[in-house]
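Numbering (this note's numbering), first residue to last: 3 to 974. Glycine included, C-beta positions come from ideal geometry on N, C-alpha and C. These numbers come from a predicted model, not from an experiment. Input: a single structure, listed below in structure tokens.
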């Protein structure tokens, strides 16, 4: 509870922007004395029925006393919050702390009455649900643990708000009123409800941007050229199915069109709603445009204008003001400095971007924070000779620019349930909220593949991006993403390679790979690549260069029918001479064999077969090539690199001759494609066979698919967090509370560390200080021989290689002799800080660490002690809490894991005890977030049991966890 001097301070940290159920935004903030006029205006717009439900009687207007009561709060015992749009109230909620008798009270009373009022025009938007989350968080902060609400039985909407929230509650009926009481402590169900509402709202907000019914391009120039005019032309040429408007405030009197598009001087002059505005005016004019859009009811903005955070501190402030202004009017923003958005759905056909051509419609969702990388990805995914063809194109594309508002998290929410997207590819230069991204990525990856390449891995994030500070190295972040099911790749080439395989090929059931082809050398290269990726290849089958299409068909059919095979890689080199297999014939043979066994993935590795590349990309249809030249067909972004082997080529089974076929570039000379006699169109959803110009690229993509498929299988049964009867959670909490009372953060001493870890069943071997030879001898007699003598000075700690440790000292003579050697080598005991410790059973030395990162959350790390983890970085990581299956995988995921499992005839270590130790440390940090760092080093894992020989614990007030608080957009 606050002391009286600060009880009335305005709690600015309660202010928040939220996304509502329909995708619009609202501002939630405390109600103050300055809101009297807003409150009266708001109340006048509420229906008599809603007023009756709120006050249980006709209440046409608020009295002056009411207005004073509802605007004067102490922000402790009486709190009121308002949801606003355009600066005006659309809903209010308040609580009043009460005692056991129901009368007004102060702390320590921990119950409060809560009541809502939502303007009728905004009911059904999820405003009350959002306000309940925020008022509950405020109440918990002020020491209130329980809400009570009285509701009329006919007020079903409000009763549903309370009952659907997921809190533990009691319900009673008395004197014609329903009384609801519920605890405010978050539960698994309340968090699940909150996340589900967050998902629906954020997905809907992105859907409104990607599938608008009407679009206005603001800043469309009167003469050709310029960004706005280009975007306008791109939208028009893509065949956008909604209403399109051009806006230019300098439009001459009497001019009604620009390029055949209805034109206006202001968005206010447009007769009818505008769902999306593309803003392409200089940054200094954007605020005026945003105001006009907000007043006209525009739902969202794509701001392609530059001059914001990417340009320095002044631009950063301009960007913050832009976000605040847009959210004031309930609008979401893509950008600023954005490349734009694309939706290839035939129902939408929107190209609100700077890309002059539309990628082929398909099943890949593409997100890029960089416009330049977005162009490169669109080009690779579009080129007939170098990307996805037929139906395996792009469903939607978002380039977020500075991602001041809409981010990759929002787009993931949309793609998770988007029926038009099967695979998600993301180029990220920063992750603004790693904890949330990991949660969303795990959920998305369980339903569809998510492939991520991260730029700026070894430096600061781009200037335009707001990024939370993290102390974790990039390798750790990558490991945590992989734990969440993300397919992490290093280059955009690998991004496309993996995306093509996952878009239309089934996931492999295991790592067993059959290799066949007409080149023994290429088959051996593929075999070696498989071994390097951890796959289990069968010996390559050489069909010889004389192999016919029928030979390929028969070999592929046999391989796919083999129960010992999970995937097939076909290798092919150019064949010359009379009777050599034709490119189109070979492509048809491979398609036919693969179609007969659709449950296993097939990949093709080819070496500069220009004709075969054409055939592999061509559709299995007898339609003439000329059909691709229709005027309404979208043209490829770039075909300059076609045939040069810089991107994989898919074998398409879709039909050619449709309007979405690409038009060749004017300078490109293409021979007519040979007809394939007797082939028919493949059914919708038939698999494409991706082809790659190098064995290592094909196999790397396959290896990623194998790993992802295994993750999917494991995620179906993730394990559990075990309960241990000997854990004393309350005792640990009392100890931590007492220790933190000394200060804000502290490193525990040896005795305190051992006591805290002991509450969680982790026993640390005693180490007695030995400031003199006599003290060392006394310590050894206390502990019992044999003992170890260790120097614990920082420069010698855990460095047995420097000679600061003496082991297996069997008697006092050996101990005193070793003590003298250490002091002679390294200096006086005051410098060495020697300790004596009883010898532990021999085993494998490992290190266990846990840390709470402010951005990513609590992370558990494991590796072998010494050079393996320190020099080679051979350390594995998992997010806390860790399940039993995750602990087992953590132990086995380091490269040096064989040392724990009987490598070269050594005795296997007791990994069960090691896994239990990991689980106990995970529980400690999860139960007590004040434990911000734990290190156990070394931990000696013997054949039976283990010994913790050194421990370090640091306590501090835990970082705030916004994932457990109410829904809110990032603050600006």
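- Task: Check the DSSP bridge columns for residue 771 and list the partner residues they point to.
- Result: 837
- Task: Could you give the DSSP three-state label for residue 895: helix, strand or coil?
- Result: DSSP places residue 895 in coil when its eight states are reduced to three.
- For the beta strand (DSSP E) that contains residue 172, what are its first and last residues? 171-176
- For residue 863, does the three-state DSSP call read helix, strand or coil? strand
- With 16 as the cutoff for other CB atoms within 10 Å, does residue 149 come out buried or exposed? Buried: at least 16 other Cβ atoms inside 10 Å.
- Message: Can you tell me whether residue 664 is helix, strand or coil according to DSSP?
- Response: Note that residue 664 scores 34 on pLDDT, short of 50, meaning its location in the model is unreliable; the coordinates nonetheless yield the value given after this. Looking at residue 664 - three-state DSSP - the assignment turns out to be coil, as it is neither helix nor strand.
- So what's residue 794 in DSSP terms, helix, strand or just coil? coil
- Coil, strand or helix - residue 813 by DSSP: Residue state, collapsed to three classes: coil.
- Can you tell me the Cα-Cα spacing of residue 318 and residue 310, whole angstroms? Cα to Cα, the separation comes out at about 6 Å.
- Assign residue 192 to one of three DSSP states: helix, strand, or coil. In the three-state reduction of the DSSP assignment, residue 192 falls in the helix class.
- Item | Secondary structure of residue 355, DSSP reduced to three states | strand
- Query: What number of angstroms, rounded off, separates the C-alpha of residue 189 from the C-alpha of residue 532?
  - Reply: 46 Å
- Message: I need the boundaries of the beta strand (DSSP E) containing residue 97, first residue and last residue.
- Response: 90-100
- Using beta-carbon positions only, say whether residue 263 and residue 279 come within less than 8 Å of one another. no
- Are residue 453 and residue 427 close, meaning C-beta to C-beta below 8 Å? Yes, the Cβ-Cβ distance between residue 453 and residue 427 is below 8 Å.
- Query: CB-CB under 6 Å to residue 516, same chain, minus the five flanking residues each way: which ones, in chain order?
  - Reply: 540, 561, 567, 570
- For residue 92, I'd like the list of residues in its chain whose CB is within less than 6 Å of its CB, leaving aside the five on either flank, ordered along the chain. 85, 121, 124
- Query: Can you check whether the CB of residue 711 is closer than 8 Å to the CB of residue 380?
  - Reply: Not closer than 8 Å, so no.
- Are the beta-carbon atoms belonging to residue 724 and residue 887 less than 8 Å from one another? no
- Query: residue 968 and residue 135 look like a contact to me (Cβ under 8 Å); what is the Cβ gap, rounded to whole Å?
  - Reply: 4 Å
- Item | residue 686 (DSSP reduced to helix, strand or coil) | Reliability fails at residue 686, whose pLDDT of 46 lies under 50, so the model's placement of it is uncertain and no value is given.
- Message: If the criterion is Cβ atoms closer than 8 Å, does the pair residue 55 and residue 157 meet it?
- Response: Less than 8 Å divides the Cβ of residue 55 from the Cβ of residue 157.
- Query: Counting only runs that start and end within the region 888-958, where is the alpha helix (DSSP H) found for 4 or more residues in a row?
  - Reply: 913-929
- Item | Residues that residue 516 bridges to, as DSSP identifies them | Within the DSSP secondary-structure output, residue 516 pairs in a beta bridge with 570.
- Message: Once the 5 residues before and after residue 837 are set aside, which same chain residues still bring their CB inside 7 Å of it?
- Response: When the five nearest sequence neighbours on each side are left out, the beta carbons in the same chain lying within less than 7 Å of the beta carbon of residue 837 are those of 769, 770, 771, 772, 792, 794, in order along the chain.
- Item | Cβ-based neighbour list, residue 870, same chain, cut-off 6 Å, excluding 5 preceding and 5 following | Setting aside the 5 residues that flank it on each side, residue 870 is surrounded in the same chain by 876, 898, each with a C-beta closer than 6 Å to its C-beta; the list follows chain order.
- Query: If we ignore side chains and look at the alpha-carbon of each, how far apart do residue 410 and residue 47 end up?
  - Reply: So the two alpha carbons sit approximately 38 Å from each other.
- Starting from residue 264, trace the beta strand (DSSP E) both ways and give me its first and last residue. 263-266
- For residue 203, name the three-state secondary structure that DSSP assigns. helix
- Distance, Cα to Cα, residue 930 vs residue 735? 7 Å
- Item | Chain-order list of residues whose beta-carbon lies under 6 Å from that of residue 777 (same chain, five-residue window excluded) | none
- Sequence-distant residues of its chain with Cβ nearer than 6 Å to residue 245 (five each side left out): 216
- Message: Check this for me: beta carbons of residue 28 and residue 116, under 8 Å apart or not?
- Response: no
- Query: For residue 43, is the beta carbon positioned less than 7 Å from some heavy atom of the ligand PLP?
  - Reply: The ligand content of the structure shown is nil, which means the ligand PLP is not present either.
- Best match in 301, 41, 376, 322 for proximity to residue 332 [C-alpha to C-alpha]: 301
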